[in-house]
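Asks:
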Amino acid sequence: MEFFWAFVIGGAICVVGQLMMDILKLTPAHVTTSFVVIGALLDAFGIYDNLIKFAGAGATVPITSFGHSLLHGAMAAADEHGFIGIAMGIFELTSAGISSAILFGFLVAVIFEPKG
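In this text, residue positions in the sequence shown follow my numbering: the first is 145, and each later residue adds one.
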């Protein structure tokens with residue numbers, strides 16, 4: 145049943161994103177940033193951790209999890225280091241994802257001809 149719920153929740157998040165593009169005519173960049181903010185808001189209200197416990201990878205793989213990680217790390221570091229901990233915590237939990245995006249973006253730009 146864990147795989148079933150992961151599939152259903154992850155698929156539902158994708159369906160919401162597709163509907164945002166089709167009905168609201170939002171660009172993929174708008175949908176992505178909206179999902180990051182939604183993930184952070186759900187974490188602020190303590191909902192996203194429960195969603196992760198219920199859906200597993202269905203909640204940790206989509207981009208909403210990135211917003212959750214940003215806020216989760218910032219709040220944990222803020223409790224420990226104060227105001228400066230906010231900036232430290234944001235990069236502590238998400239540094240692997242950010243570093244990978246930069247590295248693979250660079251490699252793709254080197255291998256292929258960018259059009260912009």
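Using N, Cα and C, we set each Cβ at its ideal position, and we do this for glycine too.
For Gly161, collect the residues of the same chain with a Cβ closer than 6 Å to its Cβ; drop the 5 residues on either side in sequence, then sort them by chain order.
Replies: On the sequence shown, position 17 is the one that residue 161 refers to. Val175, listed in sequence order.
Asks: Is Pro258 helix, strand or coil by DSSP?
Replies: On the sequence shown, position 114 is the one that residue 258 refers to. In the structure shown, Pro258 sits in coil (DSSP, three-state: anything other than H, G, I, E or B).
Asks: Comparing C-alpha positions only, which one of Pro172, Met164, Ala231, Gly155 sits nearest to Ala201?
Replies: Mapped onto the sequence shown, residue 201 falls at position 57. Here the closest residue by C-alpha is Gly155.
Asks: Reducing DSSP to helix, strand and coil, say where Thr171 ends up.
Replies: Translated into positions along the sequence shown, residue 171 becomes position 27. Reduced to three states, the DSSP call for Thr171 is coil.
Asks: Just confirm the distance between the C-beta atoms of Phe210 and Gly183, as a whole number of angstroms; I'd bet it's less than 8 Å.
Replies: Here residue 210 is taken as the residue at index 66 of the sequence shown, counted from 1. Here residue 183 is taken as the residue at index 39 of the sequence shown, counted from 1. With a Cβ gap of about 6 Å, Phe210 and Gly183 count as contacting.
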